[in-house]
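The opening position of the sequence shown corresponds to residue 77 in my numbering, with each subsequent residue numbered one higher.
All remarks here apply to the structure that follows.
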Amino acid sequence: MYKNTNIEYSFLNPKTIVPTPKETDYENGFMQRYYCQKINDLNGFVFEIDNATFKELYDNPYWKTAILRWRIIGPIDPVYNDMGQLMDMGVIQSNKNSIAITSSTLKNIGLYLPNILQFHK
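Here it is as structure tokens:
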């Protein structure tokens, strides 16, 4: 631990988790997923963590954190109406978009999420 102005910051690797979607997540169609990575290791391991660990590391200067919005309900592929207008981009594209957004903070997040349909019902 490093102590600075009465605040202690952890250097220890957090416990990696596999989240379990709640029924309310399925009702909403999305779930929040929490990630962190050591600030000085841009190509280092990305940890999936729980909300409590995310809150602990959020202000820690040795860790980068990110929240990813993960779609778990809906059509897998894009849906178009009779006029050819996109009605729903589908779960695959929604989750790819979330990964792309999160990769601005955690460069290699996509390597840790190979199953774009994880938790989909």
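A virtual CB, placed ideally from N, CA and C, is assigned to each residue, including glycine.
- Shown here, residue 167 sits in a helix according to DSSP, grouped into three states.
- Scanning 197, 129, 173, 150 for the CA closest to the CA of residue 93 turns up 129.
- Under DSSP, the beta-bridge partners assigned to residue 140 are 113.
- The way I'd put it, the region 132-149 does touch the region 170-179; three or more beta-carbon pairs between them come closer than 8 Å.
- Rounded to the nearest angstrom, the gap between the Cα atoms of residue 136 and residue 115 is 10 Å.
- In the three-state reduction of the DSSP assignment, residue 192 falls in the coil class.
- When the five nearest sequence neighbours on each side are left out, the beta carbons in the same chain lying within less than 6 Å of the beta carbon of residue 112 are those of 123, 125, 133, 139, 141, in order along the chain.
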